[in-house]
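Working notes, beginning with the structure itself.
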Amino acid sequence: MLSTDFAGDHTVRYKASPTYKGVTEFLNADNKLATLLPAASRMAEMQRDIGSLLPPAFEACSVIHFDRGELVLAVPNASLSARLRQMLPKLQEDLTRRGWRVEVIRLKVQFGKNFRPPAPPRKTLALPEQAVSALADLHGSLEDTPQNQQLKAALEAMLMRHIGNK
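Be aware that the sequence shown starts at 1, since it is given in this note's numbering, and climbs by one per residue.
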């Protein structure tokens, strides 16, 4: 706990964010809340399993409800829902293999969820050794004039990037 004094008498206290242990202790302290803990941990475990079974494009999908063999997943948009619907038989089979008794999977589109598709992997191109050598020769052969300053700086940056990747 951190405390800071402001203007003499006024003390402001900041508490660290609650830990998992602190949350479970809080839930176990109340009988009504303690009954939620097993269901919440089961849903979190199922969410982890589903996350490991589905491609990264479906990371915005989440478990809403799982009871008596019925699994309900939240999907952020109709397009993702249509794509996921094609994968449901395999997902159900994989979950059954992992010990989950899933008889039916329903999807619920929830437009309010913030969804950004995953960014495509960034491609890095490597220049052949001959091209790097040609750029180095060009950089060395250019005169140091104000007109060539920007070109030389760009060539130097390109050479550093490609020589640094090796």
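Just so it is clear, CB atoms sit at the ideal spot from N, CA and C, and this is done for glycine as well.
- The straight-line gap separating the alpha-carbon atoms of Leu54 and Thr124 is approximately 26 Å.
- Taking C-beta atoms under 8 Å as the contact rule, Val109 and Ser133 fail to qualify, at a distance of about 56 Å.
- Per the C-alpha coordinates, the member of Asn31, Asn28 and Ile64 positioned closest to Glu45 is Ile64.
- Scanning its chain for C-beta atoms nearer than 7 Å, with the 5 sequence neighbours on each side dropped, one finds around His139 the residues Lys152, Leu155, Glu156 and Leu159, in chain order.
- If you draw a straight line from the Cα of Glu103 to the Cα of Gln86, it comes to about 16 Å.
- Residue burial annotation: Phe26 is exposed, with fewer than 16 other C-beta atoms found within 10 angstroms of its C-beta.
- Boundaries of the beta strand (DSSP E) harbouring Asp67: Ser62 to Asp67, taken from the DSSP string.
- Boundaries for Val132: no beta strand (DSSP E) harbours it, while the alpha helix (DSSP H) harbouring it runs Glu129 to Ser141, taken from the DSSP string.
- By the 16-neighbour rule on beta-carbons within 10 angstroms, Leu33 is exposed.
- Assigned with DSSP and collapsed to three states, Leu54 falls in coil, not helix or strand.
- Contact between Leu107 and Leu84 holds, since their C-beta atoms are separated by about 6 Å, short of 8 Å.
- Residue burial is scored here from C-beta neighbours: Ile163 has fewer than 16 other C-beta atoms within 10 angstroms and is therefore classed as exposed.
- With respect to the C-alpha of Val75, the residue from Leu88, Arg101 and Arg68 having the closest C-alpha is Leu88.
- Here Arg83 carries a helix assignment [DSSP, helix/strand/coil].
- Inter-residue distance for Ser41 and Ala119 is about 30 Å (C-alpha atoms, whole angstroms).
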